[in-house]
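**Student:** Using my numbering, you'd call the opening residue of the sequence shown number 2 and step up by one each time. Even for Gly, the Cβ is constructed at its ideal location relative to N, Cα and C. Here you go, one structure.
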Amino acid sequence: MSMEQYYRKVQEKVMVQRDVINSLLKDPRIIGDYYEAIVRDAVREAVSASFAVGRGVVLASDGRASKECDIIVYNAVEYGPLFSSGDIVVVSPESVRCVIQVKGTVSMDNMGDAIQGLAAVDQLRTGIWKFIVGFKTNVEYQNLVDQCARSRSVNGIFLFSSAYKQEKEDISLQMQKLVGILKSITAPGVYQTNDAGKYVVLEVGSRDSFQGVPFTE
Numbered sequence: 002m003s004m005e006q007y008y009r010k011v012q013e014k015v016m017v018q019r020d021v022i023n024s025l026l027k028d029p030r031i032i033g034d035y036y037e038a039i040v041r042d043a044v045r046e047a048v049s050a051s052f053a054v055g056r057g058v059v060l061a062s063d064g065r066a067s068k069e070c071d072i073i074v075y076n077a078v079e080y081g082p083l084f085s086s087g088d089i090v091v092v093s094p095e096s097v098r099c100v101i102q103v104k105g106t107v108s109m110d111n112m113g114d115a116i117q118g119l120a121a122v123d124q125l126r127t128g129i130w131k132f133i134v135g136f137k138t139n140v141e142y143q144n145l146v147d148q149c150a151r152s153r154s155v156n157g158i159f160l161f162s163s164a165y166k167q168e169k170e171d172i173s174l175q176m177q178k179l180v181g182i183l184k185s186i187t188a189p190g191v192y193q194t195n196d197a198g199k200y201v202v203l204e205v206g207s208r209d210s211f212q213g214v215p216f217t218e
């Protein structure tokens, strides 16, 4: 089995988990919590051993804080969390490598909320990678990428299913692209120097370089 085939299977498994949750539960808030847990587990498997994964708040030394972040990837070796209870953490901006907001369905309407939450992290420290992960969308992927570029904050958006038939092949590779990026930005020797840039990353190129779309001026 090739790596591409493997990650297609992983992405299919994630969608099966989503379908099981939807068949068992009705409360949107609880369903959302489970969606976050599914993605959090996938992220935890992707990042290097130096990093921990939780959900919570980024808190600066002057008291400024982010909104609640669905997923926080932070350096657990060089920085300990300020508070930790299960998956819930409060961490310093210096420790954070990546923040992810999770959406069951990504639309042009709820993109604004996700962007706003991620932009608040930028106010605490520049260079933190900021991604949106969605289980499905009815919006063309390029339109979502363009909206991220216009935000000048969000460094990537990854989706696991799309209503657009012409996009289904590319969308089926989104898990592989997300995992590749997470592995790259948390790799030993890389994370110290490779901060988030002013672009929306689409995938990892050669030698841990990134292919993407620049933020709009």
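Could you pull out every unbroken beta strand (DSSP E) segment of at least 3 residues lying fully inside the region 93-142, listed in chain order?
**Tutor:** Correct list: 97-107, 130-138.
**Student:** Counting only runs of 4+ residues fully inside the region 172-202, write out the alpha helix (DSSP H) ranges in chain order.
**Tutor:** List check, alpha helix (DSSP H) in window: 175-186.
**Student:** Taking DSSP as the reference, what is the three-state secondary structure of L1?
**Tutor:** With the chain covering 2 to 218 only, the question about residue 1 has no answer from this structure.
**Student:** From the DSSP output, in three-state form, read off D42 for me.
**Tutor:** Helix at D42.
**Student:** Compute the beta-carbon to beta-carbon distance between G113 and F132, rounded to the nearest angstrom, for a pair I have assumed lies under 8 Å.
**Tutor:** Contact flag wrong, Cβ pair sits at about 16 Å.
**Student:** Just how far apart, CA to CA, sit G105 and E168?
**Tutor:** Approximately 18 Å between the Cα atoms of the pair.
**Student:** Would you kindly work out how many angstroms separate the C-alpha atoms of S210 and V146, rounded to a whole number?
**Tutor:** Going by the C-alpha atoms only, they are around 19 Å apart.
**Student:** Return the CA-CA distance between W130 and V97, expressed in angstroms with no decimal places.
**Tutor:** Cα to Cα, the separation comes out at about 9 Å.
**Student:** Let me know the secondary structure DSSP gives A66 once reduced to three states.
**Tutor:** Note: A66 maps to strand in three-state DSSP.
**Student:** For N139, count neighbouring Cβ atoms within 10 angstroms of its own Cβ and tell me buried if that reaches 16, exposed if not.
**Tutor:** N139 should be labelled exposed.
**Student:** Alpha carbons only, please: which of I182, S86, G206, V92 is nearest the one belonging to R70?
**Tutor:** In the sequence as displayed, the identity of residue 70 is Cys instead of Arg. Out of I182, S86, G206, V92, V92 has the C-alpha closest to the C-alpha of C70.
**Student:** P189 to E95, Cα distance in whole Å?
**Tutor:** Near 17 Å, if we compare the C-alpha coordinates of E95 and P189.
**Student:** Let me know if D63 comes out buried or exposed under the rule of 16 or more other beta-carbons within 10 Å of its beta-carbon.
**Tutor:** It is exposed - the Cβ of D63 has fewer than 16 other Cβ atoms within 10 Å.
**Student:** Quick one: what does DSSP say E204 is sitting in, helix, strand or coil?
**Tutor:** Residue state, collapsed to three classes: strand.
**Student:** On the criterion of 16 or more Cβ atoms from any shown chain inside 10 Å, does A164 qualify as buried, or is it exposed?
**Tutor:** Exposed, because fewer than 16 other Cβ atoms sit within 10 Å of the Cβ of A164.
**Student:** Per the DSSP calculation, G87 is bridged to which residue(s)?
**Tutor:** None; G87 has no bridge partner.
**Student:** Keeping to the same chain, check which residues put their C-beta closer than 6 Å to that of Q276; ignore five residues upstream and five downstream.
**Tutor:** There is simply no residue 276 to check, as the chain begins at 2 and stops at 218 in what is shown.
**Student:** Whose C-beta lies closer than 8 Å to the C-beta of D123 among residues of the same chain, with five residues either side of it excluded?
**Tutor:** Hits under 8 Å: I129, K131, S154.
**Student:** When you compare each of N23, K27, R56 to A38 by their alpha carbons, which one comes out closest?
**Tutor:** Comparing Cα-Cα distances from A38 to each of N23, K27, R56, the minimum goes to R56.
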